[in-house]
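A.B. asks: Take the sequence shown: its letters are residues -6 to 425, numbered as in our numbering.
Yeah, the Cβ is synthetic: ideal placement off N, Cα and C, and Gly gets one too.
In this text, all values refer to a predicted model and were calculated from it rather than measured experimentally.
Following this message is one structure expressed as structure tokens.
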Amino acid sequence: MKRRTFLQTAAAGSIAFSTLPLLGATRRKRPYKIGLIGSGWWGMNIMREAIAEGSVKVVGLCDVDSLQLAKCVEEVNKLTGDKPKGYEDYEELLQKEKPEIVIVATPDHWHALAAIAAIQAGADVYLEKPISHTQQEGLAILQNARKYERVVQIGTHRRVSPHNISAMEFLRSGKVGKIASVKTFVHYGWGGDAKAKPDEEIPEGLNWDKWCGPAPYRAYNPAIHPKGFRYFLDYANGLIGDWGVHWFDQILWWTEERHPKTVYSTGGRFIKSDGTDCPDTQSALFEFEDFTMSWEHKMGVTNANERSQIGCYFYGTEGTFHLGWRDGWTFYPRKQSESEIHMDAQLNDPDQQNIKELWADFISCVDSRNRPVCDIGDGYLATNMSLLGMISMQLGRSISWDGENAKILNDPEASKHLRRPYREGYTYPEIG
């Protein structure tokens, strides 16, 4: 018998997609007016799928980089024949175009203000992860979504990836046995170029002051924009705030528990000297009622026994289950006499994602007013885990988390990190 047994792709795919809305399901005759806030690489990946799905009319795009904005307006025109107007200010877009759907794909530090403004303007929102830069921003988005009864889908598209859906079915079947430990990890070179880049003059067409927005203002540096903001803690939360959210969301999808009880994280910058300031090495331990979960990011070479650079390991009494990205999932049984079980990933180009399927779910929920598969409530919980990990690392101690009341227990200093001061001219969103 072969050591590895592969699931049939067609059969697995039919199981995986059985829980998703059917493409081409009943739609209203008039297309939804849609706007995009943040027309960079990932924002346009989402917009292209929205256009391809066929139930939207693009009325406006917003970006503080006028050259990037002009390219995207031209591309949308070629794809659709629509003539959307370009805006530097998203509030002007919301007021003048009155979109019914808004995609928010800005850098992390702008997510909360843009998403809340869209929700309050009456739009349903597709919001990229992580949902916020600080915990109380995320809570404000959630509260506004519920108050105004808006559909808010988060871009954690692994919830609709066929192999991830199949993985959850396998894990819940009991075949892995009792699971008391889960490891999430990313082991590859991440964190910017090898050498620090000097600050430069602000490029033509870029409103850098507005790009910095509510976050601290700093001199323009090409390592930050375009695409590099995740490596700077003023604007993001490092790798645990980027990739970590995806894997934490998978853990929360698997378990019935909603929050960790305690979080301890340690790490730092031991390898990189490139001018960025996010940790290049970080470990975090999350204690739940029935299991522990760890996060690990390192720059070192992957252990040959681990076989993968990214994903989750579920350690069960009957075997070990690896849930990955491009490499699908694999179950390694405890008994040597039993065969491994594997399912390949089914991902879309470009960038190996499943936005198409997630957008189909979103539009179905906009039609039906049901909550989407990656609801804002789920995105809030997964983002919280990343943010709590960063707070613990920065303070150098464990923190206790009361998830039901969204409070850090018995640690006033740590509690201050649940929000941060905004720059003058910007107002931190209120929470109830």
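1. Measure the alpha-carbon distance for A173 versus G74 and round it to whole angstroms.
2. What do you get for Q128, buried or exposed, if any count of 16 or more other CB atoms within 10 angstroms of its CB means buried?
3. How many whole angstroms separate the CB atoms of A407 and I384, which I take to be in contact at a CB cut-off of 8 Å?
4. Tell me the DSSP secondary structure of N314 in three-state form.
5. Could you check where the alpha helix (DSSP H) with G260 kicks off and where it finishes?
6. DSSP on N38, reduced to helix/strand/coil?
7. What residue range does the beta strand (DSSP E) around F324 cover?
8. Inspect the beta-carbon positions of A376 and I39 and report whether they are closer than 8 Å.
9. Can I147 and K122 be called in contact, C-beta distance under 8 Å?
10. According to DSSP, G53 sits in a beta bridge with which residue or residues?
11. If we count the other Cβ atoms within 10 Å of its Cβ and call it buried at 16 or more, is Y228 buried or exposed?
12. Where do the N-terminal and C-terminal ends of the beta strand (DSSP E) with T269 fall, by residue?
13. Could you tell me the alpha carbon to alpha carbon distance between S166 and E311, rounded to whole angstroms?
14. For a test of the three-state rule: what should DSSP assign to S391, helix, strand or coil?
15. Please state the DSSP three-state secondary structure of I195.
16. Once DSSP output is grouped into helix, strand and coil, what is the label at K400?
17. Going by DSSP, what residue range makes up the beta strand (DSSP E) through E282?
18. Counting pairs of Cβ atoms below 8 Å between the segment 106 to 123 and the segment 313 to 327, do you hit three or more?
19. Residues in its own chain within less than 6 Å of S154 by CB, not counting five upstream and five downstream?
20. Closer than 6 Å by C-beta to V359: which residues in its own chain qualify, once you throw out the five before and the five after it? Chain order, please.
21. Can you check the segment 166 to 252 for any beta strand (DSSP E) of at least 3 residues that lies completely inside it and give the ranges in chain order?
22. Keeping to the same chain, check which residues put their C-beta closer than 7 Å to that of W34; ignore five residues upstream and five downstream.
23. Figure out for me which residue from D395, I369, I244, M378 has the closest Cα to the Cα of L135.
24. Which whole-angstrom value is the C-beta distance of V175 and I303, which I expect to be below 8 Å?
25. Here's a check: name, in chain order, each residue in its chain whose Cβ is nearer than 6 Å to the Cβ of S393, leaving out the five neighbours to either side.
26. Looking at C-alpha atoms only, which residue of A212, D273, L278 is the closest neighbour of H290?
27. Would you mind giving the Cβ-Cβ distance between D242 and T149, rounded to the nearest angstrom? I have them listed as a contact below 8 Å.
28. Measuring CA to CA, which of P209, A277, V366 is closest to L381?
29. How many angstroms separate the CA atom of G231 from the CA atom of R223?
30. For the candidate residues H239, L388, Q345, K71, whose alpha-carbon lies nearest to that of K409?
31. Please tell me whether, using a cut-off of 7 Å, the distance from the CB of T269 to the nearest non-hydrogen atom of the ligand GTP is below it.
32. Relative to the C-alpha of K265, which candidate in E42, G293, T285, T259 has its C-alpha closest?
33. For the candidate residues M336, V366, S361, D344, whose alpha-carbon lies nearest to that of E350?
34. Is C305 helix, strand or coil when you go by DSSP?
35. So G28 and V95 are supposed to be a Cβ contact under 8 Å. How far apart are they, rounded?
36. When the Cα of A98 is compared with those of Y83, D192, H156, Q339, which residue comes out closest?
C.D. replies: Short version:
1. 54 Å
2. buried
3. 6 Å
4. Note on residue identity: the sequence assigns Phe, not Asn, to residue 314. Strand at F314.
5. Careful: G260 lies outside any alpha helix (DSSP H), inside the beta strand (DSSP E) at 255 to 261.
6. helix
7. 322 to 326
8. With the sequence shown as reference, residue 376 is identified as Thr, and Ala is not the correct amino acid for it. Going by C-beta atoms, T376 is not nearer than 8 Å to I39.
9. yes
10. G28, K78
11. buried
12. Per DSSP, T269 belongs to no beta strand (DSSP E) and is neither H nor E.
13. 12 Å
14. coil
15. coil
16. strand
17. Here E282 belongs to no beta strand (DSSP E), and DSSP marks it neither H nor E.
18. no
19. N347
20. D117, V144
21. 172 to 179
22. K220
23. I369
24. Actually they do not touch by this definition, with Cβ atoms about 14 Å apart.
25. T255, L402
26. D273
27. 5 Å
28. A277
29. 6 Å
30. L388
31. Although the ligand GTP was asked about, the structure shown includes no ligands whatsoever.
32. G293
33. V366
34. strand
35. 5 Å
36. Y83
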